[in-house]
Amino acid sequence: MIERLGSHYGIRDARVLDAMRAVPCHVFVPEALQRRAYGDHALSIAANQTISQPFIVAHMSELLEVDNRSRVLEIGASSGYQTAVLARLAAQVYAIKRIGELARSAQARIRQLGIYNATVKCFQVESSHPENNEKQSSHKGAAAFFISQRYLLSQAGCCHV
5 MIERLGSHYG
15 IRDARVLDAM
25 RAVPCHVFVP
35 EALQRRAYGD
45 HALSIAANQT
55 ISQPFIVAHM
65 SELLEVDNRS
75 RVLEIGASSG
85 YQTAVLARLA
95 AQVYAIKRIG
105 ELARSAQARI
115 RQLGIYNATV
125 KCFQVESSHP
135 ENNEKQSSHK
145 GAAAFFISQR
155 YLLSQAGCCH
165 V
């Protein structure tokens, strides 16, 4: 899968490819779908939600241009896979998910992998902001209809929807 991300899709950031290599995607999908976790497609997870295909995770991670000093806010953490990949690249990742069941399972999977610089919380994004401090990067996954001014970025920050 990793080689295909580079050769077929043009992902060039070695740090992103290394992060993708280090995070086992199959851990983030239901057991019945684990054999398909590395294919070029999204997969269903709990609560009628999906995990993005590996290319999308790699592409969004590359676009954010995070480094080991970056603090990232991820809105819509899904299964936690993107969160775990970003945690391999950034100093800190704060992810939110509106479905409590998914937020809790994502957090558990991330901890199971020994990742401690990422936090996934259940949070209704429309109601308020999880933290006041500015983020340097923001990734809003799936069904982004608007970006609230509550999600402040630092002056040089970037947001990908």
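Numbering (the working numbering), first residue to last: 5 to 165. Using N, Cα and C, we set each Cβ at its ideal position, and we do this for glycine too.
When C-alpha distances from Ala51 are compared across Glu69, Lys101 and Val27, the shortest belongs to Lys101. Around the Cβ of Glu66, a 10 Å sphere holds 16 or more other Cβ atoms; the residue is buried.
Take the alpha-carbon of Arg108 and the one of Ala94: they are about 21 Å apart. Short of 7 Å from the beta carbon of Ala46, and not among the five residues preceding or following it, lie these beta carbons of its own chain, in chain order: Thr54, Ile55, Ser56 and Gln57. Here Arg92 is buried. Its C-beta has 16 or more other C-beta atoms within 10 Å.
Thr123 is bridged by DSSP to Tyr98. DSSP places Glu78 in the strand class (E or B) of the three-state scheme. The Cβ neighbour count for Tyr120, taken over all protein chains shown within 10 Å, is under 16; the residue is labelled exposed.
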